[in-house]
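Chemist:
2 protein chains.
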Amino acid sequence: MIDKNSPVPIYFQIEEYIKSSIEQNELRPGDMLPSEREYAESLGVSRMTVRQAFTNLVNEGYLVRQKGRGTFVANQKIEQSLSGLTSFTEDMKQRGLTPSNQLITFHLIPGPKNICEKLEIPEHSPIYEILRVRLADDSPMAIERSYLSANLVKGLTEDIVEHSLYEYIERTLQFSIGTATQTLEATIASEEDADFLHVDVGAALLGIQRLTKLENGTPLEVVYSLYRGDRYKFMIDLKR
Amino acid sequence: MIDKNSPVPIYFQIEEYIKSSIEQNELRPGDMLPSEREYAESLGVSRMTVRQAFTNLVNEGYLVRQKGRGTFVANQKIEQSLSGLTSFTEDMKQRGLTPSNQLITFHLIPGPKNICEKLEIPEHSPIYEILRVRLADDSPMAIERSYLSANLVKGLTEDIVEHSLYEYIERTLQFSIGTATQTLEATIASEEDADFLHVDVGAALLGIQRLTKLENGTPLEVVYSLYRGDRYKFMIDLKR
DNA sequence: CAGTGGTCTAGACCACGGT
DNA sequence: CCGTGGTCTAGACCACTGG
């Protein structure tokens, strides 16, 4: 169960083991775990190593510690939905819907001023403009306009865009996405919107603007989305 | 600077000292801190103790560690705006607007089923129902319907509600607010909504539902709000 | 009372970054 | 090469919980 000679840190191996035990329901919410000392002895490692694993899992919301009592499996993992920076694809899957795309336009254009400012690149720099209708269970859910710097995200093709852009960025380009600033507002469907989304003119739409940055702070993507008000709710957990 | 005989843990004292150094601009974003070993020696404590303080500050977004280089003051404390659980009053002040209230109704009623379920109390338990129009710079911004258990939030009066409910809950009752689950969706103004908000029927409104819980997990408040789409945007920072 | 998590020590070796 | 953070050890005493 634990490989001391692995390059993977022991505390991380312990974390993974406990996480999978929880996910496979071998450990249920409210269950008490073996004490830190028991764990340490049975694995033949120091108590501090076990403690590091436990601490991380507490911070991630999997476990709860109680002084003088023990360590327990948390009732609900709050962090799961908290501050989730997800792609449309991931978001829909989490909701139990099947996502798909309908690519409307895919252009390489000289960047307009307002976009370039947000991406922190010179005006007129080459930019990919991607217009997609996002479908869930084959029915329109949102319109999405994305802008990415062509000098940063190289080798973008229609194929990639129709599949999953985030997967390409994270898996193939090995970029690690950091944070995003997002704005939500309510608007009304114009004639063009109504057309794409199969709703009436004047229907309620949820407008979402997002600026995504990499972990090193480089702006990655500007996205303007319009979600159907009758099909989409945005959920978020907040902490005081 | 550090009191070893204090009941306050050493790592916590170190945290507070570093935090205040950052807040008073003695340490600026990008500055490198003394190494863990230097800190430990100069304070006469173990390196692991310093490390615990550093680790907590990294998790809170104050510091950034770089393998082989050092520990640095973070550029921007993301957590500041991230996942901000704020009251309407706080929210408006942050935006530079002056908040005020117009109390429409304030009733003590037997709780309807759906509300009581969310508040995790028996059906028909006494509940305060508060209906307010929220103003910013004396112009309508939102309609808010709040529900609170009268057995939990005692001594509520019209005066308190017209001032600031959260202040009463946190300052006077000494409750500490923990987390909230929030849902946002786009809707259309009904005739009644339009009346309260001074907008046209069919105008875009941002509907926000919130369930707030105390730190011990007790549900505190259910709120249904309708914000004017032309005046209000909801902003949030997300982490991957 | 025994067992738990909370804090702390004084070392150790490693992988990494920059000189 | 040296200094950094990353990991790990084998102890220790404390405050708290429960029986």
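Keeping their order, the protein sequence lines are chains R and L. For the first sequence, position 68 matches number 72 in our numbering, and the numbering has no gaps at all. For the second sequence, position 8 matches number 12 in our numbering, and the numbering has no gaps at all. Here a beta-carbon is modelled for each residue, glycine too, at the ideal position from N, C-alpha and C.
So, at 8 angstroms on beta carbons, what are the nonlocal neighbours of TYR66 (chain L) in its own chain, with the 5 sequence-adjacent residues on each side left out?
Modeler: Annotation for TYR66 (chain L): ILE22, LYS23, ILE26, VAL77, ALA78 and LYS81 place their beta carbon closer than 8 angstroms to its own, counting only its chain and skipping 5 residues before and after.
Chemist: With DSSP as the reference, label ALA208 (chain L) as helix, strand or coil.
Modeler: strand
Chemist: By a C-beta neighbour count over all protein chains shown, 10 Å radius and 16 as the cutoff for buried, is LYS158 (chain R) buried or exposed?
Modeler: exposed
Chemist: Which residues in chain L have a C-beta closer than 8 angstroms to the C-beta of GLN186 (chain R)? List them in chain order.
Modeler: MET239, ILE240, ASP241 and LEU242
Chemist: Answer with buried or exposed for THR183 (chain R), where buried requires no fewer than 16 other C-beta atoms within 10 angstroms of its C-beta.
Modeler: buried
Chemist: Per the contact definition of three or more C-beta pairs closer than 8 angstroms, is the segment 113-129 of chain R in contact with the segment 88-101 of chain R?
Modeler: no
Chemist: Can you confirm whether the segment 232-244 of chain L touches the segment 165-172 of chain L when touching is taken to mean that 3 or more C-beta pairs between the two stretches lie within less than 8 angstroms?
Modeler: no
Chemist: Show which residues of chain R have a CB atom less than 7 angstroms away from the CB atom of GLY65 (chain L).
Modeler: What GLY65 (chain L) touches in chain R: nothing, since even the nearest Cβ is about 10 angstroms away.
Chemist: Given that LEU209 (chain R) touches chain L, what residues does it touch there, using C-beta distances under 9 angstroms?
Modeler: Near LEU209 (chain R) (Cβ distances below 9 angstroms), the residues of chain L are ALA190 and ALA208.
Chemist: Use the C-beta contact count for VAL205 (chain L): other C-beta atoms within 10 angstroms, 16 or more gives buried, fewer gives exposed.
Modeler: Its Cβ having fewer than 16 others within 10 Å, VAL205 (chain L) is exposed.
Chemist: How many Å lie between GLU64 (chain L) and THR222 (chain R) at the Cα?
Modeler: 21 angstroms
Chemist: ILE26 (chain L) CB to nearest chain R CB: under 8 angstroms?
Modeler: no
Chemist: Let me know the secondary structure DSSP gives SER143 (chain L) once reduced to three states.
Modeler: strand
Chemist: Looking only at its chain, what residues have a beta carbon closer than 7 angstroms to the beta carbon of ASN29 (chain R), apart from the 5 residues adjacent to it on each side?
Modeler: none
Chemist: If we count Cβ pairs, one from each stretch, closer than 8 angstroms, do we get three or more for the segment 134-153 of chain L versus the segment 207-223 of chain R?
Modeler: no
Chemist: Taking the straight line between their C-alpha atoms, what separation do you get for VAL226 (chain R) and TYR172 (chain R)?
Modeler: 17 angstroms
Chemist: Check whether the Cβ atoms of ILE108 (chain R) and ILE131 (chain R) lie closer than 8 angstroms to each other.
Modeler: Note that the C-beta distance between ILE108 (chain R) and ILE131 (chain R) is not below 8 angstroms.
Chemist: Out of R:SER229, R:ARG232 and R:GLU40, which has the shortest C-alpha to C-alpha gap to ARG73 (chain R)?
Modeler: R:GLU40
Chemist: Between the Cα of ILE14 (chain R) and those of R:MET36, R:ARG32, R:LEU201 and R:SER50, spot the shortest distance and give me the residue it belongs to.
Modeler: R:SER50
Chemist: Within 8 angstroms of any Cβ in chain L, is that where the Cβ of SER156 (chain R) sits?
Modeler: Contrary to the premise, residue 156 (chain R) reads as Leu rather than Ser in this sequence. No, no contact with chain L.
Chemist: Give every residue of the same chain whose Cβ lies closer than 8 angstroms to the Cβ of ASP35 (chain R), excluding the five residues on either side of it in the sequence, and list them in chain order.
Modeler: PHE76 and VAL77
Chemist: Whole alpha helix (DSSP H) runs in the segment 33-81 of chain L with 4 or more residues, listed along the chain?
Modeler: 40-47 and 51-63
Chemist: Measure the Cβ-Cβ separation of ARG232 (chain R) and ILE181 (chain L) and say whether it is below 8 angstroms.
Modeler: no
Chemist: Does LEU89 (chain L) come out as helix, strand or coil in the three-state DSSP assignment?
Modeler: LEU89 (chain L): coil per DSSP, three-state reduction.
Chemist: Keeping to the same chain, check which residues put their C-beta closer than 8 angstroms to that of ILE119 (chain L); ignore five residues upstream and five downstream.
Modeler: ILE131, TYR151 and VAL226
Chemist: Going by DSSP, what residue range makes up the beta strand (DSSP E) through ASN105 (chain L)?
Modeler: 103-114
Chemist: Below 6 angstroms CB to CB, which residues in the same chain sit around ALA57 (chain L) once its five sequence neighbours on both sides are set aside?
Modeler: TYR15, ILE18 and GLU19
Chemist: Taking all protein chains shown into account, decide if GLU189 (chain L) is buried (16 or more other Cβ within 10 angstroms of its Cβ) or exposed.
Modeler: Burial state of GLU189 (chain L) is buried, judged by a 10 Å Cβ sphere holding 16 or more other Cβ atoms.
Chemist: Determine the extent of the alpha helix (DSSP H) in which SER25 (chain R) is found, giving its start and end residues.
Modeler: Looking at the DSSP string, the run of the alpha helix (DSSP H) that includes SER25 (chain R) is 14-27.
Chemist: With DSSP as the reference, please indicate the residues paired to ARG149 (chain R) in a beta bridge.
Modeler: According to DSSP, ARG149 (chain R) bridges with R:LEU135 and R:TYR228.
Chemist: Within 8 angstroms of any Cβ in chain R, is that where the Cβ of LEU37 (chain L) sits?
Modeler: No, LEU37 (chain L) lies away from the interface with chain R (no Cβ there is under 8 angstroms from its Cβ).
Chemist: Name, please, each residue of chain R whose Cβ falls closer than 7 angstroms to the Cβ of ASN118 (chain L).
Modeler: By Cβ distance, chain R contributes nothing, its closest Cβ being about 16 angstroms from ASN118 (chain L), past 7 angstroms.
Chemist: What residues in its chain sit with their C-beta under 6 angstroms from that of ILE164 (chain R), if we drop five residues either side in the sequence?
Modeler: Here the set comprises TYR172.
Chemist: Tell whether a beta-carbon distance below 8 angstroms holds between ALA140 (chain L) and LEU101 (chain L).
Modeler: yes
Chemist: Looking only at its chain, what residues have a beta carbon closer than 8 angstroms to the beta carbon of SER10 (chain L), apart from the 5 residues adjacent to it on each side?
Modeler: GLN17
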